[in-house]
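Undergrad: Under full-length UniProt numbering, residues 1 to 345 are what the sequence shown spells out, in order.
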Amino acid sequence: MTQATDTNRRIVLAQRPVGAPNADTLRLETSDVPVPAEGEMLLRTEYLSLDPYMRGRMNDTKSYAEPVKIGEVMTGQVVAEVVASNIEKYQPGDYVLAGSGWQDYAISDGSMVVNLGKNPQNPSWSLGILGMPGYTAYAGLLKIGEPKPGETVVVAAASGPVGATVGQIAKIKGCRVVGVAGGAEKCAHVVDNLGFDACIDHRADDFARQLAAACPDGIDVYFENVGGKVLYGVLPLLNPFARMPVCGVAAWYNLSGLPEGPDMAPAIMGAILRMKVKVQGFIIFDSFGPETYKEFVDDMTDWLKEGKVQYKEQVVQGLENAPSGLNDLLVGKSFGKMVVKVGPT
């Protein structure tokens with residue numbers, strides 16, 4: 001199915017998943033294209049971002065944001081084109097960054113919308129390296145992790161949009177950087193293309209031993225976005241006064257209860273206590289002030305121009321393939337920042 005001018009495809013939450021989302025979790029619907037009223041504009045989605053947090057929004061549990069309601073359009077950031085506008089500062093042909101979700105068309109009153117101009121270069125990058133994932137990496141590492149030259153920084157999901165950016169910024173700041181990724185191809189990319197000092201395959205039977213060998217001086221900063229066995233391998237290596245920014249625990253998102261195996265809470269809390277570790281969770285939308293965002297945009301724009309930061313993007317073609325793309329992302333089958341090309345190719 002391709003995007004049409006007279007039909008709005010919408011992917012809605014049909015039922016709340018238990019464990020991994022399946023074919024019954026999301027439903028593709030069609031409706032008429034909405035018409036903007038006074039003070040509104042009509043947006044046509046060009047790119048849709050796929051991100052791990054979306055799995056959490058499917059649950060009817062207390063979190064930092066309201067869950068998606070049954071029958072409601074699945075949440076998500078998009079880059080969209082303004083088709084028609086009754087808002088003075090937005091004109092047809094402008095591209096915007098908006099939160100209009102998994103659909104072809106949406107009405108917006110301009111709230112929480114960023115105007116990207118008529119012809120933005122690499123518009124999908126506003127969903128990745130110049131958007132929420134890049135900002136998450138920048139602020140989490142520099143404001144919470146506070147890396148110092150010569151320190152060892154370990155990054156989970158190192159080939160993903162957040163982890164890859166964390167590691168490259170840490171290298172810019174003069175750190176030794178060890179990544180963790182799934183598979184030989186991703187690990188090679190992390191070292192050869194992103195410039196990490198080492199990358200360990202978390203699927204290896206001797207993962208913990210390899211990680212210890214790659215961190216002979218221990219770990220000063222662990223950027224946590226995975227949890228699971230990676231966290232357990234990191235714990236014994238944490239140095240006194242280590243810092244752990246926490247932006248996600250993707251390994252546990254599909255769990256319907258406690259993980260199998262021994263209770264690791266004593267080991268986790270014991271390591272935090274003995275090593276005086278600073279652990280701070282954060283949500284990028286409300287954890288930092290506007291001055292931090294401006295610093296991020298200025299620094300990242302310069303680093304990209306200077307070639308100090310590399311960026312990899314995986315494009316899924318077609319809105320109808322967004323559900324399978326999200327499932328791939330949640331089990332580590334993505335490579336780079338995953339976006340869906342919704343608009344015409």
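Where a beta carbon is used, it is the ideal one built from N, C-alpha and C, also for glycine.
1) Identify every run of the alpha helix (DSSP H) within the region 5-57, keeping only runs that are complete inside it and at least 4 residues long; order them along the chain.
2) Is the region 224-239 close to the region 145-163, with three or more CB pairs under 8 Å?
3) In terms of residues, what are the limits of the beta strand (DSSP E) holding Glu313?
4) Looking at C-alpha atoms only, which residue of Ala198, Ala188, Gly233 and Val190 is the closest neighbour of Asp205?
5) Taking the Cβ atom as the reference point for each residue, do Ser49 and Gly56 lie within a distance shorter than 7 Å?
6) Are three or more beta carbon pairs between the region 8-17 and the region 26-36 nearer than 8 Å?
7) Below 8 Å on the Cβ atoms is my contact criterion, and I expect Tyr90 with Val79 to pass it. Report the Cβ-Cβ distance as a whole number of Å.
8) Note the first and the last residue of the continuous beta strand (DSSP E) segment covering Glu81.
9) Compute the distance between the beta-carbons of Gly179 and Val155, then report whether it is under 7 Å.
10) In the structure shown, what three-state DSSP assignment does Glu224 receive?
11) Look at the alpha carbon of Pro133 and the alpha carbon of Asp263, and state the distance between them as a whole number of angstroms.
12) Got a sec? Which residues, its chain only, sit under 6 Å from Thr75 by beta carbon, not counting five neighbours each side?
13) What does DSSP give as the partner residue(s) for Tyr138 in the beta ladder?
14) With distance defined between alpha-carbon atoms, name the residue in Pro92, Asn193, Tyr222 and Gly228 nearest to Tyr253.
15) Should Gln77 go down as buried or exposed, given a rule of 16 or more other Cβ atoms within 10 Å for buried?
16) Rounded to a whole number of angstroms, what is the C-alpha to C-alpha distance between Tyr53 and Asn86?
17) Could you name the residues that DSSP lists as bridge partners for Arg209?
18) What did DSSP end up calling Pro187 once you bin it into helix, strand or coil?
19) Which of the three DSSP states, helix, strand or coil, is assigned to Asn115?
20) Would you mind giving the Cβ-Cβ distance between Asp60 and Arg16, rounded to the nearest angstrom? I have them listed as a contact below 8 Å.
TA: Taking the definition as stated:
1) Here the runs fully enclosed are 53-57.
2) Taking a cut-off of 8 Å for Cβ pairs, the region 224-239 and the region 145-163 touch, as three or more such pairs fall below it.
3) For Glu313, the enclosing beta strand (DSSP E) stretches over residues Glu313 to Gln317.
4) Nearest neighbour of Asp205 by Cα position, chosen from Ala198, Ala188, Gly233 and Val190, turns out to be Gly233.
5) Not in contact: Ser49 and Gly56 (Cβ atoms no closer than 7 Å).
6) Of all C-beta pairs linking the region 8-17 to the region 26-36, three or more are shorter than 8 Å, placing the two stretches in contact.
7) Actually they are not in contact, since the Cβ atoms of Tyr90 and Val79 sit about 14 Å apart, beyond 8 Å.
8) Looking at the DSSP string, the run of the beta strand (DSSP E) that includes Glu81 is Val78 to Ser85.
9) Yes, the pair counts as a contact, with Cβ atoms nearer than the cut-off.
10) Residue state, collapsed to three classes: strand.
11) So the alpha carbons of these two residues sit roughly 31 Å apart.
12) Spatial neighbours of Thr75 in its own chain (CB-CB distance under 6 Å, excluding positions within 5 residues in sequence) are listed in chain order as Arg57, Val68 and Gly101.
13) DSSP lists no partner for Tyr138.
14) Nearest C-alpha to Tyr253: Gly228.
15) Taking a 10 Å sphere around the C-beta of Gln77, we find 16 or more other C-beta atoms and assign the residue as buried.
16) Each residue's Cα considered, the two are about 32 Å apart.
17) Note: Arg209 sits in no beta bridge, so no partner.
18) In the sequence as presented, Pro is not what sits at residue 187; that position holds Cys. Of the three classes helix, strand and coil, the one that applies to Cys187 here is helix, per DSSP.
19) Here Asn115 sits in strand by DSSP.
20) The beta-carbon separation of Asp60 and Arg16, rounded to 6 Å, stays under the 8 Å limit for a contact.
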